[in-house]
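Presented below is the structure to which this report refers.
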Amino acid sequence: MSSPDTPVRAPSGEPTAGEEPPRRWRPELVLALVVLALGVLVIVGTLNVSAAASQLGIGPRFFPTLVGGAMIVIGVFYVIDVLRGGQGDPEESEDVDAGAPADWRSVALVSGIFLAFVTVLNVVGWIIGSALLFFGLSVVLGAGHKVRAAVVGVVLGLVTYLLFVKGLGVTLPAGWLRGVL
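Reminder that position 4 of the sequence shown reads as 4 in UniProt numbering, one-by-one numbering, no gaps.
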């Protein structure tokens with residue numbers, strides 16, 4: 001039985017009409033603010049970039065400004081949604097157990113691979129570094145065909161290098177392949 005001071009809850013546990021939901025920590029709001037802040041940081045960081053535009057009129061500020069602007073817009077809409085009561089949907093994938101503990105080993109391995117990539121990038125170059133990054137992440141995340149993962153990593157590294165260096169004029173480290181490409 002409920003007393004007059006105790007709010008009556010619907011069978012689902014949701015607050016009834018007129019009752020204010022209990023205040024609690026909102027991870028969605030934290031994520032929304034992080035997205036918004038990262039968008040602002042990208043825009044501010046882009047203001048310091050000074051280089052001539054390419055023949056197409058697109059300079060090195062175009063894509064970062066586009067991405068930063070999109071992050072700001074998404075962040076603002078996300079903050080508004082969360083403040084109006086929106087919340088993330090629970091995971092409904094059939095092969096994910098939401099109650100399972102976090103796999104900290106995989107988190108540590110993925111973090112280590114990214115740190116190793118950043119550390120060796122200028123020495124080995126973009127193509128080799130990104131190929132190793134893709135291969136390492138594929139193996140850690142459960143790739144069944146390691147040879148295929150290695151080939152895809154090399155192809156992705158080569159294609160992105162050529163696209164950025166030859167197509168957009170962006171400088172990426174050549175590393176050990178300097179003079180070959």
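Ideal placement from N, C-alpha and C gives every residue a C-beta, glycine not left out.
Small disclaimer: the values here were computed from a predicted structure and weren't measured.
Excluding residues up to 5 positions away in sequence, Gly75, Tyr78, Val79, Asp81 and Val82 lie with their Cβ nearer than 8 Å to the Cβ of Ala32 in the same chain. Restricting attention to alpha helix (DSSP H) runs no shorter than 4 residues, the UniProt domain "DUF1468" (30-173) encloses them at 62-83, 104-124, 126-140 and 146-162, ordered along the chain. Apart from the 5 residues on each side of it in sequence, Val42 sits with its Cβ closer than 7 Å to the Cβ of Pro64, Val67, Gly68 and Met71 in its chain, given in chain order. 9 Å or more divides the Cβ of Gly179 from the Cβ of Gly157. Gly175 sits in a helix when the DSSP states are folded into three classes. CA-CA distance, Thr46 to Ile58, rounds to 14 Å.
By the neighbour-count criterion, in which a residue is buried when 16 or more other Cβ atoms sit within 10 angstroms of its Cβ, Leu132 is buried. Closest in C-alpha terms to Val73, from the list Pro60, Gly85 and Ala37, comes Ala37. The beta carbon of Phe134 is closer than 8 Å to those of Ala149, Val152, Gly153, Leu156 and Gly157 in its chain, skipping five residues each way along the sequence.
With 16 or more other CB atoms across the displayed protein chains lying within 10 angstroms of its CB, Gly136 is buried.
Between Gly175 and Leu115, the C-beta gap is not smaller than 9 Å, which leaves the two residues out of contact. The beta carbons of Gly125 and Leu163 sit no closer together than 9 Å. Per the coordinates, the alpha-carbon of Pro101 lies some 28 Å from the alpha-carbon of Phe117. Asp89 has its alpha-carbon roughly 13 Å from the corresponding atom of Arg26.
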